[in-house]
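This report concerns only the one structure given below.
Residue numbers (this note's numbering): 21 to 440.
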């Protein structure tokens, strides 16, 4: 194992930490977790980093509200050879979505953004979108909407909005859409709304889970209702109250020095890879993909939700609102395609901004019914298990398919370490 891996494979809480721990600390055995089994995470990342399959990682695990594992592994920037640090900042990609869902629910609690409000009441252009129905000859038939798109549909991805797919994809509608991070990097919010409302919906509103731009649109609605930029609203109502110190859509120069970078080449394919958001400033606060934060920030967010909407005396949401958020909202009349997004999400439904485990078994990873979770395309992950009183957050800069491997391995090892 090279010296860098040896030096950083288990850098954790201690006198050399950059800042204090994000939650109160405890030893693993005090909360029913085996330290010896939890140490398998150290061995795993040491192997993976030595094999140059991932540049580095930061892992935070809390049980009973106590932080029992908080470590940095490997490299922050593999090109410059800089070691990973606990306060590394990660591009969250889709882990932006649960935070934007909370922003919307705060407005809901104030009577300002009902779930059954029509999206067209905020952006009338959405009322005119057609539904693209594939024909056998490869063309599309355009049908009118059978029902309106509701705000509820944006949270649970049943609006019919989708994400772009490669030109060789068999999905005729998705081929028309842009890549998930393209709109905020290429144009402003109004340009995004104008462009997306000229495209067809992938299905009738309220009938199928279709992962796509729904949360970006929800973020635009939050801006419309709050009369604030999305990042400013989140800062005032979520990030600052629970001390998510580095959460932002727009990095300062000093924060840029703490960004986690991927390998220049995908370790599985050897093809060039990058995280464009690390170098390019978004033109609007894209609610589906564009936020940044540390793992320490996000473990505080997860703990707030696990606590029923409160952390350190700061209440963000009411406990019954959180319970509604982390319940399955894909009823029997809605086609559940959550497992199409992540192979190990079999046995999951979807709530308001998070995937929700509805049954034990089926999934490739262990967990209990009621677990809620989501991930990011650049290599981040969080899962909360109310039955186990558990929060886990993973930060890696791994934008290729290998990111899914790390999600599963970490969840195996975390659950294997719980012994009572």
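We treat Cβ as the ideally placed atom computed from N, Cα and C, and that holds for glycine.
Bear in mind the structure is a predicted one, so any value in this text is a computation, not a measurement.
{"Item": "Span of the beta strand (DSSP E) around residue 80", "Value": "76-83"}
{"Item": "Residues near residue 286 by beta carbon distance below 7 Å, same chain, minus five either side", "Value": "293, 420"}
{"Item": "Integer-rounded CB distance, given that residue 437 should sit under 8 Å from residue 53", "Value": "5 Å"}
{"Item": "Rounded straight-line distance, which links the Cα of residue 397 to that of residue 279", "Value": "16 Å"}
{"Item": "Identity of the residues DSSP links to residue 161 by a beta bridge", "Value": "153"}
{"Item": "Backbone CA spacing between residue 26 and residue 85 [nearest angstrom]", "Value": "In this prediction, residue 26 scores a pLDDT of 35, lower than 50, which makes its location untrustworthy; no coordinate-derived value is stated."}
{"Item": "As assigned by DSSP and simplified to three states, the class of residue 402", "Value": "strand"}
{"Item": "Whole-angstrom C-beta distance between residue 313 and residue 112, which should lie under 8 Å", "Value": "6 Å"}
{"Item": "Rounded C-alpha distance that separates residue 213 from residue 57", "Value": "49 Å"}
{"Item": "Cβ contact (3+ pairs, closer than 8 Å) linking the segment 173-182 and the segment 213-222", "Value": "yes"}
{"Item": "Under the three-state DSSP convention, the category residue 170 falls into", "Value": "strand"}
{"Item": "Residues sharing a beta bridge with residue 109, DSSP", "Value": "279, 314"}
{"Item": "Counterpart residues of residue 73 in DSSP-defined beta bridges", "Value": "DSSP, once it has assigned bridges, lists no residue as partnering residue 73."}
{"Item": "Expected contact under 8 Å - CB spacing of residue 93 and residue 104 to nearest Å", "Value": "6 Å"}
{"Item": "Residue span of the beta strand (DSSP E) that contains residue 377, given as start and end", "Value": "375-377"}
{"Item": "From 405, 226, 154, residue whose alpha carbon lies closest to that of residue 194", "Value": "154"}
{"Item": "Reduced DSSP secondary structure (H/G/I, E/B, other) of residue 118", "Value": "helix"}
{"Item": "Runs of alpha helix (DSSP H) wholly within the segment 320-403 (minimum 4 residues, chain order)", "Value": "339-345, 358-361"}
{"Item": "Backbone secondary structure at residue 33 - three-state DSSP", "Value": "For residue 33, the pLDDT reaches just 41, beneath the cut-off of 50, and the residue's location in the model is therefore unreliable, although a value from the coordinates is still provided. DSSP places residue 33 in coil when its eight states are reduced to three."}
{"Item": "C-beta atoms of residue 114 and residue 268 nearer than 9 Å", "Value": "no"}
{"Item": "Rounded C-alpha distance that separates residue 232 from residue 141", "Value": "21 Å"}
{"Item": "Reduced DSSP category for residue 91 - H, G, I as helix; E, B as strand; rest coil", "Value": "strand"}
{"Item": "Nonlocal neighbours in the same chain, by C-beta distance under 8 Å from residue 245, ignoring five residues either side", "Value": "127, 132, 133, 142"}
{"Item": "Environment of residue 42 [buried if 16+ CB atoms lie within 10 Å]", "Value": "buried"}
{"Item": "Rounded straight-line distance, which links the Cα of residue 166 to that of residue 353", "Value": "14 Å"}
{"Item": "Rounded straight-line distance, which links the Cα of residue 145 to that of residue 288", "Value": "42 Å"}
{"Item": "Limits of the unbroken alpha helix (DSSP H) element including residue 415", "Value": "Unbroken run through residue 415 is the beta strand (DSSP E), 410-416; no alpha helix (DSSP H)."}
{"Item": "Given residue 201 as reference, the closest of 118, 218, 238, 307 once Cα atoms are compared", "Value": "307"}
{"Item": "Selection from 121, 423, 349, 291 that minimises the alpha carbon distance to residue 237", "Value": "121"}
{"Item": "Reduced DSSP category for residue 103 - H, G, I as helix; E, B as strand; rest coil", "Value": "strand"}
{"Item": "Outcome for residue 15 when other beta-carbon atoms lying within 10 angstroms are tallied against a minimum of 16", "Value": "A query on residue 15 cannot be resolved here, the shown segment of the chain reaching from 21 to 440 and no further."}
{"Item": "Nearest to residue 409 (by Cα), restricted to the options 304, 430, 83", "Value": "83"}
{"Item": "Whether residue 118 touches residue 417 by CB criterion (9 Å)", "Value": "no"}
{"Item": "Sequence-distant residues of its chain with Cβ nearer than 7 Å to residue 342 (five each side left out)", "Value": "325, 328, 329"}
{"Item": "9 Å Cβ cutoff met for residue 433 and residue 60", "Value": "yes"}
{"Item": "For residue 432, the first and last residue of its enclosing alpha helix (DSSP H)", "Value": "422-437"}
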